Amino acid sequence: MKIKKLELFKVPPRWLFLKITTDDGLTGWGEPVIEGRAETVRAAVDELSSYLIGKDPLRIEDLWQVMYRGGFYRGGPILTSAISGIEQALWDIKGKYYNAPVYELLGGACRDNIRVYNWIGGDRPSDVKAAAQAQIDAGFTAVKMNGTEEMHYIDSFSKIDAVLERVAAVREIGGKDFGIGIDFHGRVHKSMAKILAKELEPYRPMFIEEPVLPENNEALKEIAKYTSTPIATGERMYTRWGFKQLLQDGIVDIIQPDVSHAGGILETRKIAAMAEAYDIAMAPHCPLGPIALAACLHVDACSPNAFIQEQSLGIHYNEGSDLLDYLLDARTFKYENGSVSLPTGPGLGINMNEEKIREVAAIGHDWKNPVWRNVDGTVAEW
Ligand SMILES: [Mg+2]
Numbered sequence: 006m007k008i009k010k011l012e013l014f015k016v017p018p019r020w021l022f023l024k025i026t027t028d029d030g031l032t033g034w035g036e037p038v039i040e041g042r043a044e045t046v047r048a049a050v051d052e053l054s055s056y057l058i059g060k061d062p063l064r065i066e067d068l069w070q071v072m073y074r075g076g077f078y079r080g081g082p083i084l085t086s087a088i089s090g091i092e093q094a095l096w097d098i099k100g101k102y103y104n105a106p107v108y109e110l111l112g113g114a115c116r117d118n119i120r121v122y123n124w125i126g127g128d129r130p131s132d133v134k135a136a137a138q139a140q141i142d143a144g145f146t147a148v149k150m151n152g153t154e155e156m157h158y159i160d161s162f163s164k165i166d167a168v169l170e171r172v173a174a175v176r177e178i179g180g181k182d183f184g185i186g187i188d189f190h191g192r193v194h195k196s197m198a199k200i201l202a203k204e205l206e207p208y209r210p211m212f213i214e215e216p217v218l219p220e221n222n223e224a225l226k227e228i229a230k231y232t233s234t235p236i237a238t239g240e241r242m243y244t245r246w247g248f249k250q251l252l253q254d255g256i257v258d259i260i261q262p263d264v265s266h267a268g269g270i271l272e273t274r275k276i277a278a279m280a281e282a283y284d285i286a287m288a289p290h291c292p293l294g295p296i297a298l299a300a301c302l303h304v305d306a307c308s309p310n311a312f313i314q315e316q317s318l319g320i321h322y323n324e325g326s327d328l329l330d331y332l333l334d335a336r337t338f339k340y341e342n343g344s345v346s347l348p349t350g351p352g353l354g355i356n357m358n359e360e361k362i363r364e365v366a367a368i369g370h371d372w373k374n375p376v377w378r379n380v381d382g383t384v385a386e387w
């Protein structure tokens with residue numbers, strides 16, 4: 006069996022889907038994208054295709070090594086996301102070839118299901134109370150919210166108080182055991198992150214996420230002195246080598262690799278195993294589409310330290326094109342009591358609605374995140 010063709014589909018709200026076809030007619034789907042740079046990742050996938058056409062799709066590790074190491078320069082969001090989506094599609098093919106779910110080929114399931122959380126606003130929109138209630142009504146037992154809007158290096162305590170008020174409101178309606186993840190989104194600097202981490206502690210968050218930007222991870226050591234709340238980070242980190250120092254430092258409690266950015270299914274499984282050796286949990290990042298979510302579920306299935314999975318059903322970006330819209334069977338992801346059961350079909354276990362994908366890919370998208378500025382005109386992190 007040889008890889009015959011790679012096709013890319015840029016579909017709303019902000020995704021890029023990849024279909025790989027083999028010479029004996031097997032197909033695999035992947036989601037190679039960085040949010041806001043879909044065209045750049047598309048170009049990277051096109052460029053990598055010359056390493057793949059005519060090759061055996063079952064030799065995933067070897068193809069990964071060639072794609073990652075063969076080009077001399079490596080890593081980063083664009084190249085690693087391109088490899089990630091290709092790798093997912095190769096696993097989909099491999100699972101279909103052996104008529105087994107991907108996790109069966111990675112050691113088998115070590116769980117029956119995985120808890121999931123849904124997004125509520127926290128910045129714009131800021132009305133988290135109604136949004137949290139809607140998630141509770143939908144059966145979710147955990148949510149994630151943004152902590153703040155723009156936050157300058159040194160900013161006002163009114164902004165701190167506003168965060169506390171929003172989190173208090175969610176805690177009040179959710180009750181004691183409701184999981185509340187609070188995403189600082191890398192938009193808070195060390196100075197204010199210390200204050201926020203300390204003052205949020207009484208509300209017992211499930212975790213605080215990206216208290217600072219990943220390029221400032223050395224600041225986590227100081228922030229951790231001010232709180233016992235679990236610290237999470239990793240959605241903007243790539244490959245085993247990218248996570249190595251963070252894990253060695255042992256400051257974080259939860260890593261959040263993105264299966265569409267960190268290097269794919271097997272790479273994320275390897276990162277999970279490295280984290281397990283440092284007693285660190287995993288909660289894969291996934292505000293993306295159905296292929297990325299399926300890929301995450303296969304990693305979660307065989308990773309004992311995964312404790313919760315992000316997913317984008319109903320997320321505000323998805324207006325008009327949601328997670329399930331591109332699947333032939335919307336019941337593929339079975340949610341029950343705030344958890345999702347493991348996929349059972351061969352490969353990634355999803356059946357894509359190719360007709361709809363081709364139709365909307367003709368329209369495409371040009372999604373970019375907003376560029377924010379502080380009141381003094383300086384650029385703020387989004
Ligand atoms: Mg985040």
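Everything in the sequence shown is counted per this note's numbering, starting at 6 for the first residue and increasing by one.
A virtual CB, placed ideally from N, CA and C, is assigned to each residue, including glycine.
This structure is a prediction, so every number in the text was calculated from the model and none was measured.
task: Using beta-carbon positions only, say whether I119 and L57 come within less than 8 angstroms of one another.
output: To locate residue 119, count along the sequence shown from 1; it is residue 114. To locate residue 57, count along the sequence shown from 1; it is residue 52. Result no, Cβ atoms of I119 and L57 do not sit closer than 8 angstroms.
Three-state secondary structure (DSSP) of R171: Indexing the sequence shown from 1 puts residue 171 at position 166. Residue state, collapsed to three classes: helix.
message: Considering only the alpha carbon of each residue, which of R42, R245, H303 and P207 lies closest to W372?
response: Translated into positions along the sequence shown, residue 372 becomes position 367. Ranking the options by Cα distance to W372, first place goes to R42.
Distance, P216 Cα to N151 Cα: Within the sequence shown, the letter at position 146 stands for residue 151. Within the sequence shown, the letter at position 211 stands for residue 216. Whole-angstrom Cα-Cα distance: 11 angstroms.
task: Could you check the C-alpha separation between T273 and P17 for me, to the nearest Å?
output: Stepping through the sequence shown from its first residue, residue 273 is reached at position 268. Stepping through the sequence shown from its first residue, residue 17 is reached at position 12. Each residue's Cα considered, the two are about 26 angstroms apart.
- prompt: What is the DSSP secondary structure of V384, counted as helix, strand or coil?
  reply: Here residue 384 corresponds to residue number 379 of the sequence shown, with the count starting at 1. Reduced to three states, the DSSP call for V384 is strand.
task: Name, in chain order, the residues that DSSP records as bridge partners for D263.
output: The count along the sequence shown starts at 1 and reaches residue 263 at position 258. Paired residue(s): H290.
query: So does D188 have its beta carbon nearer than 7 angstroms to some heavy atom of ligand 1?
result: Reading the sequence shown from its first residue, position 183 is the one you call residue 188. Because some heavy atom of ligand 1 lies under 7 angstroms away, the Cβ of D188 counts as near it: yes.
- request: Could you tell me whether the region 216-234 touches the region 195-206, using the rule of 3 or more Cβ pairs below 8 angstroms?
  value: yes
query: Measuring from the CB of E240, is there a heavy atom of ligand 1 at a distance below 7 angstroms?
result: In the sequence shown, the residue the question calls residue 240 occupies position 235. Yes - ligand 1 has a heavy atom lying nearer than 7 angstroms to the Cβ of E240.
message: Assuming V107 and H303 are in contact, meaning their beta carbons sit under 8 angstroms apart, how far apart are those beta carbons, in whole angstroms?
response: In the sequence shown, counting from the first residue as 1, residue 107 sits at position 102. In the sequence shown, counting from the first residue as 1, residue 303 sits at position 298. Contact holds; Cβ gap of about 4 angstroms.
task: Determine the direct distance from the alpha carbon of A139 to that of P62, and round the result to whole angstroms.
output: As a first step, residue 62 is located in the sequence shown; it is residue number 57 there, counting from the start. As a first step, residue 139 is located in the sequence shown; it is residue number 134 there, counting from the start. Those two C-alpha atoms are separated by around 43 angstroms.
Pairwise C-alpha distance: T383 and F77: The residue you call residue 77 lines up with position 72 of the sequence shown. The residue you call residue 383 lines up with position 378 of the sequence shown. When rounded, the distance between both Cα atoms is 37 angstroms.
task: Please state if the CB of V380 and the CB of W387 are separated by a distance shorter than 8 angstroms.
output: Taking the sequence shown and counting its residues from 1, the one referred to as residue 387 is at position 382. Taking the sequence shown and counting its residues from 1, the one referred to as residue 380 is at position 375. Their beta carbons are not under 8 angstroms apart, which means W387 does not touch V380 by this criterion.
- prompt: What distance in whole Å lies between the Cβ atoms of S265 and S89, which are believed to be in contact at a cut-off of 8 angstroms?
  reply: Taking the sequence shown and counting its residues from 1, the one referred to as residue 89 is at position 84. Taking the sequence shown and counting its residues from 1, the one referred to as residue 265 is at position 260. Rounded, the Cβ-Cβ distance is 5 angstroms, consistent with contact.
- prompt: E272: beta carbon under 7 angstroms from a heavy atom of ligand 1?
  reply: If you number the sequence shown from 1, residue 272 lands on position 267. Result no, Cβ not under 7 angstroms from ligand 1.
- request: Specify the secondary structure class of G269 as computed by DSSP and reduced to three states.
  value: On the sequence shown, residue 269 is found 264 positions in, with the first residue counted as 1. Three-state DSSP puts G269 in coil, outside helix and strand.
query: Should the region 339-348 be regarded as contacting the region 108-127, the criterion being three or more beta carbon pairs within less than 8 angstroms?
result: yes
- request: Inspect the CB distances between the region 222-229 and the region 279-299 and report whether three or more fall short of 8 angstroms.
  value: no
message: Residues in the same chain with beta-carbon distance under 7 angstroms from G59, minus the five sequence neighbours each way, listed in chain order, please.
response: Translated into the one-based positions of the sequence shown, residue 59 becomes position 54. Cβ within range, chain order: K7 and I8.
- prompt: So G33 and I98 are in contact, right, with Cβ under 8 angstroms, and what is the actual spacing, rounded?
  reply: Your numbering for residue 33 matches position 28 in the sequence shown. Your numbering for residue 98 matches position 93 in the sequence shown. So it is a contact: roughly 4 angstroms between Cβ atoms.
task: Scan the region 101-168 and note each continuous beta strand (DSSP E) run of 3 residues or more that stays entirely inside, going in chain order.
output: 118-124 and 147-151
heavy atom of ligand 1 below 7 angstroms from E215 C-beta: Residue 215 sits at position 210 when you count from the first residue of the sequence shown. The answer is yes for E215.
- prompt: Can you give the Cα-Cα distance for A147 and L333, rounded to whole angstroms?
  reply: Residue 147 sits at position 142 when you count from the first residue of the sequence shown. Residue 333 sits at position 328 when you count from the first residue of the sequence shown. One C-alpha to the other measures close to 28 angstroms.
field: Beta bridge counterpart(s) of Q314 as assigned by DSSP
entry: The residue you call residue 314 lines up with position 309 of the sequence shown. Paired residue(s): V121.
Three-state class that DSSP yields for T244 in the structure shown: Within the sequence shown, the letter at position 239 stands for residue 244. Helix, per DSSP.
message: Distance check for I83 and F22, CA to CA, integer angstroms please.
response: Counting from 1 along the sequence shown, the entry for residue 22 is found at position 17. Counting from 1 along the sequence shown, the entry for residue 83 is found at position 78. Approximately 15 angstroms between the Cα atoms of the pair.
message: Short of 8 angstroms in beta carbon distance, which residues of its chain neighbour G112, apart from the five on each side in sequence? Order them along the chain.
response: The residue given as residue 112 occupies position 107 in the sequence shown. Within the same chain, G112 has close Cβ partners C307.
- prompt: Any idea which residues DSSP pairs V16 with across the strands?
  reply: Position 11 of the sequence shown, counting from 1, holds the residue named residue 16. The partner list for V16 (beta bridge, DSSP) reads W20.
- request: Let me know the secondary structure DSSP gives S86 once reduced to three states.
  value: One-based indexing of the sequence shown puts residue 86 at position 81. In the structure shown, S86 sits in a helix (DSSP, three-state: H, G or I).
field: Residue closest to A135, alpha-carbon to alpha-carbon, out of R176, L11 and Q316
entry: For the purposes of this step, residue 135 is identified with residue 130 of the sequence shown, where counting begins at 1. The option with the nearest alpha carbon to A135 is R176.
task: Figure out for me which residue from R64, I200 and V168 has the closest Cα to the Cα of G186.
output: Numbered from its first residue, the sequence shown carries residue 186 at position 181. Answer by Cα proximity: V168.
task: May I have the straight-line CA-CA distance separating D263 from A173, to the nearest angstrom?
output: Looking up residue 263 in the sequence shown gives position 258. Looking up residue 173 in the sequence shown gives position 168. The straight-line gap from Cα to Cα measures roughly 29 angstroms.
message: What does the Cβ neighbour count give for I355, buried or exposed, with the cut at 16 atoms within 10 Å?
response: Mapped onto the sequence shown, residue 355 falls at position 350. Buried, by the Cβ-count rule.
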